[in-house]
Each structure stands twice: as structure tokens, then as C-alpha cells.
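Heads up: the sequence shown begins at 1 in the UniProt record's numbering, then just goes up one per residue.
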Amino acid sequence: MNPGAAIELAGVSKWFSNFQVLTDVSLTVARGERIVVCGPSGSGKSTMIRCINRLEQHQSGRIIVDGTELTGDIGRIDTVRREVGMVFQQFNLFPHLTVLENCMLAPVFVKGIPRGEAEHIAMQYLLRVRIPEHAHKYPRELSGGQQQRVAIARALCMMPKIMLFDEPTSALDPEMVKEVLDTMLALADEGMTMICVTHEMGFARQAADRVVFMDGGRIVEMNTPAEFFDHPQHERARHFLGQIL
Ligand code: ADP
Ligand code: MG
Numbered sequence: 001m002n003p004g005a006a007i008e009l010a011g012v013s014k015w016f017s018n019f020q021v022l023t024d025v026s027l028t029v030a031r032g033e034r035i036v037v038c039g040p041s042g043s044g045k046s047t048m049i050r051c052i053n054r055l056e057q058h059q060s061g062r063i064i065v066d067g068t069e070l071t072g073d074i075g076r077i078d079t080v081r082r083e084v085g086m087v088f089q090q091f092n093l094f095p096h097l098t099v100l101e102n103c104m105l106a107p108v109f110v111k112g113i114p115r116g117e118a119e120h121i122a123m124q125y126l127l128r129v130r131i132p133e134h135a136h137k138y139p140r141e142l143s144g145g146q147q148q149r150v151a152i153a154r155a156l157c158m159m160p161k162i163m164l165f166d167e168p169t170s171a172l173d174p175e176m177v178k179e180v181l182d183t184m185l186a187l188a189d190e191g192m193t194m195i196c197v198t199h200e201m202g203f204a205r206q207a208a209d210r211v212v213f214m215d216g217g218r219i220v221e222m223n224t225p226a227e228f229f230d231h232p233q234h235e236r237a238r239h240f241l242g243q244i245l
């Protein structure tokens, strides 16, 4: 194991009843590293990143996040969840709360930050994702791209060390994809440790240190974006790239 790593998965396997969804997945992510995960639908991408913040539990192998091993210990899971922000395909904003309230909720109720301070932090991140003017609106009043940028700001308000993205642009109309990718690129430039499940190859080429290709619950290939896209080693990776490029 590598104590300096931001995230380490070593020989991780997981089953949904008798269906094996992850098989012997090993991946070490250095601090500040940006990883793009791609692969066909059903290959286990979401399950892998959901195991990293314990939305799913692995059954064998080890997962260590920021020095803490994920076990059944609830205290440790809370510690890890504070360090790891997650952004989903379907935004998952609370519809009955304003944008600002969405961003203040976890800092106030999970971290116990005073409301005034939480509001100040939230406004700073809404400024960063360039939507401070929508702070008092409800999610339904915003476009999909704006809602996704709120979801990113909301995650950042917890000041995570690691950000996980699960197909953050897949539910967006094409004209809104760029504004979300630009937000993610800015975060990458600031040195955030990121794992992004995405098929946005422009983003991968620009931001990723490594691309991980999954198929059938395994990591089949792992390489720099230039090597992966220009010289995929495995037939399954070539086939996949042939379909999406
Ligand atoms: P991906 O994100 O690459 O599309 P997933 O990790 O979502 O893949 O799913 C991998 C496989 O595990 C799929 O066959 C999916 O149907 C199955 N799966 C995902 N979640 C569950 C679950 N909660 N229960 C049973 N099977 C699941
Ligand atoms: Mg998925």
C-alpha cells in the first residue's frame, strides 16, 4: 500500500448477490492527480467510484481514501465522506431548497459551521461556478447546466480533498456541456484530485493525467490520454473508441 496516495484500491471485488460487478480492481491515485474513467455501459464505472465514498460496499480487497481504510466503521465513513465530494449525472439538488440553501446544508448540518460563515463560503463557490446571481432561485428555475454547476459548488462548499464525478454532462443538452466541463477544467487547474467518469474525450485529453478503461467489471487498460486514444492496446478498448469517437 502507498500511504501518500489520495486514493488506493487494491484487489477490490464486489458482487450484487451472485453477480460479480467488480473483479480485482486496483488503482492508485496520487494527490492532485486527475483520472478519467471510461468504458461501456454496465462495465462497473459507477459502482467503482461509489465504493470510494462508500455509497456501495466492496466485499474483498482494500480501499484507502486519504489514509483512511474503508471498513464497516461508521466513524471512518463519515470522515471519508467529508473529504470526498461527489457530483452525479442527475444533479440531485434538493428541489425545495434554494441554490444557496442547497450549498449551505451540509456545511451547517454536517460540519456545524455557523450559518453566516456557511453563506459566505457558499457565495464564494457560486461565484466560482459563475452563478452568484441565481443564489436565491430554486433548482427548477435553472437550466440543466446551471443546476450541475450548483451541484459542483455544493460539493466544493464542504472543501473536499477529492472530487468524484459520475457522468456529470450525460444528462445535459449539448449546448450546456461546455459550461460544466469548463468548471471541471478550472478545478483540475487548481490541483484538485479528481476521478471523472466521462466520455468527453476533449476533457480527458485536456485534463486527465491518466485514462482508465473498464470493461466487464475490470480495469482493462490504464494509460495517458495521448497513448490511450491514439494507441489503445486492447481490442475491447479499440472497439469502444470506435463507437464513441
Ligand atoms: P456503469 O456505470 O459502467 O454503467 P454500473 O456500475 O452502474 O456500470 O453497473 C455495473 C453492473 O452492475 C451493471 O450490470 C448493473 O446492472 C449492475 N448493478 C449496478 N447497480 C446494481 C444494484 N444496486 N443491484 C444489482 N445490480 C446492479
Ligand atoms: Mg454509470
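Glycine is no exception: its CB is placed at the ideal position from the N, C-alpha and C atoms.
None of the values given here were measured: they were computed from a predicted structure.
{"Query": "Got a sec? Which residues, its chain only, sit under 8 Å from Gln59 by beta carbon, not counting five neighbours each side?", "Result": "Ser13, Lys14 and Trp15"}
{"Query": "Alpha carbon to alpha carbon, what distance is there between Pro132 and Leu126?", "Result": "5 Å"}
{"Query": "Can you tell me whether Glu175 is buried or exposed? The criterion is at least 16 other CB atoms within 10 Å of its CB, across all chains shown.", "Result": "exposed"}
{"Query": "Quick check on Val110: buried or exposed, where buried means 16 or more other Cβ atoms within 10 Å of its Cβ?", "Result": "exposed"}
{"Query": "CB-CB under 6 Å to Ile64, same chain, minus the five flanking residues each way: which ones, in chain order?", "Result": "Glu8"}
{"Query": "Taking 7 Å as the limit between beta carbons, can you name the residues of its chain near Ala118, skipping five residues before and five after?", "Result": "Met104, Pro107 and Val108"}
{"Query": "State the Cα-Cα distance for the pair Val80 and Asn53, rounded to the nearest angstrom.", "Result": "7 Å"}
{"Query": "Distance check for Leu142 and Leu172, CA to CA, integer angstroms please.", "Result": "12 Å"}
{"Query": "Which residues mark the beginning and the end of the beta strand (DSSP E) in which Ser60 is found?", "Result": "Ser60 to Val65"}
{"Query": "Measure the alpha-carbon distance for Phe203 versus Val25 and round it to whole angstroms.", "Result": "24 Å"}
{"Query": "Could you tell me the boundaries of the alpha helix (DSSP H) in which residue 328 lies?", "Result": "The first residue shown for the chain is 1 and the last is 245, placing residue 328 beyond what the model contains."}
{"Query": "Does DSSP classify Ile219 as helix, strand or coil?", "Result": "strand"}
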